[in-house]
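A.B. asks: Dumping the structure here so I can ask a few things about it.
There are 2 protein chains.
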Amino acid sequence: MRKSGARLDRREFLMRVGRSAGGAAMLRTMAALGIGSSLAGCGSSSAASAPGAAPPTGGGAEPSPRPGDWPPNAGAGQSVLILGAGIAGMTAAFELAKLGYDCTILEARDAAGGRNRTLRAGDLVEETDSTQRVAFDASDELYFNAGPSRIPHHHELLLGYCREFGVALETFVNDNHAARLHDPLSFGGTPELARRVRSDLHGQLAELLSSAIDQGALDQALDAADRDRVLDMLTTFGDLGAGRRYGGSTRAGFPGQEDVGSRRRGETLAPLDLADLVSSGFWTERLSFTSGLDQQATMLQPVGGMDRIARAFEQRVAGDLVLNARVTAIRKTVSGVRVDYELLGSATSIEADHCIVTLPATVLTEIPGDYSPAHKAEIDAFRYTSAVRIAFQSRRFWEQEHSIYGGISWTNQDITQIWYPSHGFGSRDGIVLGAYAFGGPPGDRLTALTPGQRTATAITEASAVHAAFTTEAVNGVSVAWAKVPFQRGAWGVSTPSVLLTPDDRLFYAGEHLSMLQGWQEGAILSAYRAIDGIVASATG
Amino acid sequence: MRKSGARLDRREFLMRVGRSAGGAAMLRTMAALGIGSSLAGCGSSSAASAPGAAPPTGGGAEPSPRPGDWPPNAGAGQSVLILGAGIAGMTAAFELAKLGYDCTILEARDAAGGRNRTLRAGDLVEETDSTQRVAFDASDELYFNAGPSRIPHHHELLLGYCREFGVALETFVNDNHAARLHDPLSFGGTPELARRVRSDLHGQLAELLSSAIDQGALDQALDAADRDRVLDMLTTFGDLGAGRRYGGSTRAGFPGQEDVGSRRRGETLAPLDLADLVSSGFWTERLSFTSGLDQQATMLQPVGGMDRIARAFEQRVAGDLVLNARVTAIRKTVSGVRVDYELLGSATSIEADHCIVTLPATVLTEIPGDYSPAHKAEIDAFRYTSAVRIAFQSRRFWEQEHSIYGGISWTNQDITQIWYPSHGFGSRDGIVLGAYAFGGPPGDRLTALTPGQRTATAITEASAVHAAFTTEAVNGVSVAWAKVPFQRGAWGVSTPSVLLTPDDRLFYAGEHLSMLQGWQEGAILSAYRAIDGIVASATG
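First to last, the sequence lines map onto chains A and B. One gets the working numbering by counting positions in the first sequence from 1 and adding 200 to each. One gets the working numbering by counting positions in the second sequence from 1 and adding 200 to each.
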């Protein structure tokens, strides 16, 4: 329902764009929005593969713009002020400079990257009502990403920059059959291995369809030859046994495998009761998570932390970057824009021909400015999801005792997910996420807690999945995006509309203004759209 | 059929063991064999998830032995001669030395590792009728494993040695939704992306079962509440749309995605016709490959090449290792064994109390020895599969143009598989396998070709999957295990029987004598079984 509602908003909006800016602008906007395709949602949510998501329709829009679409010297003699040195802002500065624009980036924090952030020993985690210092041992491996953490293999704009900048990449393990699924209300609260749940669901689904076919239920839909072929397919798909019954499969592993490992392969496990596996949406939804386009293997991560990407961009825009510059007002002038800001506390201001505002709407809403009423209204109403990560240093008990190398366990508790590190396999310690909660109540509840309460909650809930959390997990630290100054939210979830159009010389960008909300790729797409608007306004 | 036949052989054999060696020996042998579980087959074959594989039965055997099961000083004053410095031989030497045995390893080649082999610039590839020199550019990243190439996360004995020896591990990408499936006889010979085949199979399977349930076909099997829950499950599982029909899914990707990437998400792809997807076993079997227990994520590889493991073992047994020692005869003596061998051409011999023979049966069959008739018969009859890998250096067009990072594409041609490197993402060149053929005719046919014919065949066939092979793939080199001296085969496929039992003071080991044939883990298990036999013979 929400999704079709979203499509309606966008259609209305497009009619307005069509009237005001003409077809080409509308097509580009459609492309930027990925009209018709369900908004991808953040990789972290399972929205991308949400049940009942209506199949995309429409399309046919030309692709959104990219470098190369703009005339080489489009920017000669023109200046652009960019607010925010996140991925969107730095992408804009990097590409605009190539076009000859004179760029300045104002960044409130003392480092570039925005939500692209990696936390290591000694780092400060400041929230609106708390401050933590990361107590991990100092080590190249002991870090966690307190922001974007994985890159889908088809996010080729971001991956192209990694290639261009020489940012080394490695695999991010998103799907691990040795990881666990845990619902306190199912199977007496015992966690089940993903391999077993998957095998038993596939097997029993195949057996059901096979017996339906035997009963002739699909004689209309399938001719005799196809029926036989489907039955063969089901036998393979479900690893069915004699009489095409599912009696368990080696795919599910062996009893006590975590103890005897490869030293015994005897009987297989009895199939989990289908009634239990369908008793809640939990099981199939979690299993289907990595079927979502933005969650499919291969997923990638930079070697050494996601902020390797931020540092690579920062290097290339350093000359245009002003850190510790907190914007206090955004004003329109006759010829362009003026932005007032405090540089290390002292008030100053800067003018430019154009301005790209990449600040999260949750931050922008508190900054006075000459926004059009329609733009201001959308800024004030734009919703963000809350997300919380709680990280611990720990001996790698998940590798040493459970053969878990990377990947994600799911639990139907507030902590939602447990993440095992995808790098440093085999070393003594690793950083494990005892919680990654997002999207609604779980994220909101953990956000409301103090850092101390969060780590305590994570250890309590995670120990239902791995008892070792109580004895092995130390140096806990948490990040709640909604409470991080200059972030104030994890990612945008409202459907962008007016903010996709120019506000005189103001252009808005950021992941929330893309069809890939919550992804760095979306931030890049939004920067390209803003550049396109500036080029059009100058040349048009 | 083959499998049940295999089980029969093993049952017969166990009755013999039971009579001759008593229950404990039989239990251990059962465990070593993993009786009841289908022999896992090599990770490279799809046997592990073969359709119709009967669900394992029996079991209950105690786990096979491991270090710690043997008395600390069991070996005091005793000597063991080990033939072959592969993983089995070096594991035996490493563990026997801890027990106080005086070990000597005779290795015919000038390096240890056996089939654990990594090829780099300048290496020689010698076969019975050809010699190649690897022409890759010299680089840490430009290598390929001409033997075992991946480690299942639950092969914890091998992974334990990696941890103990400090061998760094990284992810081996076994399942990549961006990889391709190609059957010259389907879809007009157009390769399809794995994501599309998977999504469309799941979607149409879910739609079929859903409509069968609507028709009441499962009213006996499921009560009303369960029916509704199963329908919800199917909606999620198949990403079904309105009316629980499958009309395509974002999971399958978008038309032209390889060109426009993330810059457009319009309409989804029309579902592939189910009739085509089931027209041959190819599609479901290839999709199911990574559901097999030994092929499930997470898969691992040593950083820098699989031979990092061989080098780590070699370091630890170097003092007992004699290279360039070609065994010419294996003799039994009153008190033990005598082995004649040629050391760099000159004949010599050595005696010991016990001997572990880890040579492949295909090599051993040509070495005269005092084997018992039953052991000799099994040695001569033991079958191995042939396998061929054909590797090329190439610009990483698969990453740069197709967003493929690691993983395997399948084709229904002799080359069988195309492997993309799981490491060095983003660098200019990589080593791609233009062929990995195994198990039967494809492996046999490529084995019969000259190296030049193999690379030509690989480029021709691989270009049907990626046209760029014709222009980008250079420096081709191939390995056909069946023609490699002192290997003479890829992995054993006969069901071991008598060779699992002592032959006086001769004990046999090697991957082919384990329940994990074709895996290094199996070689380790076989070494443990041999050690167990030696300890038992000494103490018993």
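No residue lacks a Cβ here, since even glycine has one placed at the ideal position from N, Cα and C. This structure is a prediction, so every number in the text was calculated from the model and none was measured.
What residue from Ala577(A), Ser663(A), Ser714(A) and Phe513(A) has the CA that sits closest to Ile287(A)'s CA?
C.D. replies: Phe513(A)
A.B. asks: Hey, Glu307(B) and Val539(B): beta-carbon distance below 8 Å or not?
C.D. replies: No, the Cβ-Cβ distance between Glu307(B) and Val539(B) is not below 8 Å.
A.B. asks: Output, in chain order, the set of chain B residues within a Cβ distance shorter than 9 Å of Glu326(A).
C.D. replies: The contacting residues do not exist; Glu326(A) stays about 32 Å from chain B at best.
A.B. asks: Check whether the segment 498-512 of chain A and the segment 353-364 of chain A touch, using three or more Cβ-Cβ pairs below 8 Å as the test.
C.D. replies: yes
A.B. asks: Tell me which residues of the segment 530-561 of chain B have at least one Cβ-Cβ distance to chain A shorter than 7 Å, keeping chain order.
C.D. replies: Residues are counted here when their Cβ sits less than 7 Å from a Cβ of chain A; for the segment 530-561 of chain B the count is zero.
A.B. asks: Indicate whether Leu431(A) and Ala421(B) have their beta-carbon atoms separated by less than 8 Å.
C.D. replies: For Leu431(A) and Ala421(B), no; Cβs fall outside 8 Å.
A.B. asks: Pull up the distance between the alpha-carbon of Cys555(A) and that of Val367(B), whole angstroms please.
C.D. replies: Looking at the two C-alpha atoms, the distance is approximately 52 Å.
A.B. asks: Within 8 Å (strictly less), CB to CB, does Asn316(A) reach chain B?
C.D. replies: no
A.B. asks: On the DSSP letters alone, give me the boundaries of the alpha helix (DSSP H) that Tyr361(B) sits inside.
C.D. replies: Glu356 to Phe365
A.B. asks: Using the Cβ count rule (16 or more neighbours within 10 Å means buried), how would you classify Asn273(B)?
C.D. replies: exposed
A.B. asks: Quick check: what's the CA-CA separation for Tyr728(B) versus Pro263(B)?
C.D. replies: 11 Å
A.B. asks: Using the Cα positions of Ala656(B) and Val373(B), report the straight-line distance between them to the nearest angstrom.
C.D. replies: For Ala656(B) and Val373(B), the distance between alpha carbons rounds to 27 Å.
A.B. asks: In chain order, what residues of the same chain lie with their CB nearer than 6 Å to the CB of Thr562(A), ignoring the 5 residues before and after it?
C.D. replies: Tyr584, Arg688 and Gly689
A.B. asks: So Ser532(A) is in the beta strand (DSSP E); what residue range does that whole segment cover?
C.D. replies: The identity of residue 532(A) in the sequence shown is Lys, whereas the question assumes Ser. Where Lys532(A) is concerned, the enclosing beta strand (DSSP E) stretches over Ala525 to Lys532.
A.B. asks: Could you tell me if Pro560(A) is buried or exposed, where buried requires 16 or more neighbouring beta carbons within 10 angstroms of its beta carbon?
C.D. replies: Its Cβ being crowded by 16 or more others within 10 Å, Pro560(A) is buried.
A.B. asks: Can you find a C-beta in chain A that's less than 8 Å from the C-beta of Ser479(B)?
C.D. replies: yes
A.B. asks: Check the Cβ-Cβ distances between Gln496(B) and every residue of chain A, and say whether any is below 8 Å.
C.D. replies: yes
A.B. asks: Between Trp691(A), Val677(A) and Ser694(A), which lies nearest to Glu326(A) when the distance is taken from Cα to Cα?
C.D. replies: Val677(A)
A.B. asks: Using the beta-carbon of each residue, which ones in chain B are nearer than 8 Å to Ala736(A)?
C.D. replies: Those do not exist, as Ala736(A) stays about 17 Å from chain B at its closest Cβ, beyond 8 Å.
A.B. asks: Report buried or exposed for Val588(A), applying the criterion of at least 16 other Cβ atoms within 10 angstroms of its Cβ.
C.D. replies: buried
A.B. asks: For Asp459(B), is the classification buried or exposed, using 16 other Cβ atoms within 10 angstroms of its Cβ as the cut-off for buried?
C.D. replies: exposed
A.B. asks: Using a Cβ-Cβ cut-off of 8 Å, state whether Leu716(B) counts as contacting chain A.
C.D. replies: yes
A.B. asks: What did DSSP end up calling Val557(A) once you bin it into helix, strand or coil?
C.D. replies: strand
A.B. asks: Between the alpha carbons of Thr647(A) and Ala635(B), how many angstroms are there, rounded?
C.D. replies: 52 Å
A.B. asks: Leaving aside the five residues before and after Ala577(B) along the sequence, list all residues of the same chain whose C-beta is less than 8 Å from its C-beta, in chain order.
C.D. replies: Val698
A.B. asks: Contact check, Gly403(B) vs Asp439(B) under 8 Å by CB: the rounded distance?
C.D. replies: 6 Å
A.B. asks: Mind pulling the chain A residues with CB within less than 7 Å of Pro263(B)?
C.D. replies: Val460, Arg463 and Arg464
A.B. asks: What residue range does the beta strand (DSSP E) around Thr548(A) cover?
C.D. replies: Ser546 to Ala552
A.B. asks: Tell me, please, which residues DSSP counts as bridged to Asn345(B).
C.D. replies: Thr318(B)
A.B. asks: For Ile604(B) versus Glu661(B), is the C-beta distance shorter than 8 Å?
C.D. replies: No, Cβ-Cβ distance for Ile604(B) and Glu661(B) is not below 8 Å.
A.B. asks: So, using beta-carbon positions, are Pro265(A) and Asp732(A) closer together than 8 Å?
C.D. replies: Yes, the Cβ-Cβ distance between Pro265(A) and Asp732(A) is below 8 Å.
A.B. asks: What's the gap between the Cα of Gln617(A) and the Cα of Ser663(B)?
C.D. replies: 42 Å
A.B. asks: Please report the residue range of the beta strand (DSSP E) in which Met200(B) lies.
C.D. replies: The shown model of chain B, from 201 to 740, leaves out residue 200(B), and the question about it has no answer.
A.B. asks: Any idea which residues DSSP pairs Leu192(B) with across the strands?
C.D. replies: Because residue 192(B) is not part of the residues shown, which for chain B are 201 to 740, the question remains open.
A.B. asks: Scan the segment 482-496 of chain B for residues whose Cβ lies nearer than 7 Å to a Cβ of chain A and list them as they occur along the chain.
C.D. replies: Thr484, Glu485, Ser488, Ser491, Gly492, Leu493 and Gln496
A.B. asks: Can you look up Gly313(A) in the DSSP assignment and give me helix, strand or coil?
C.D. replies: strand
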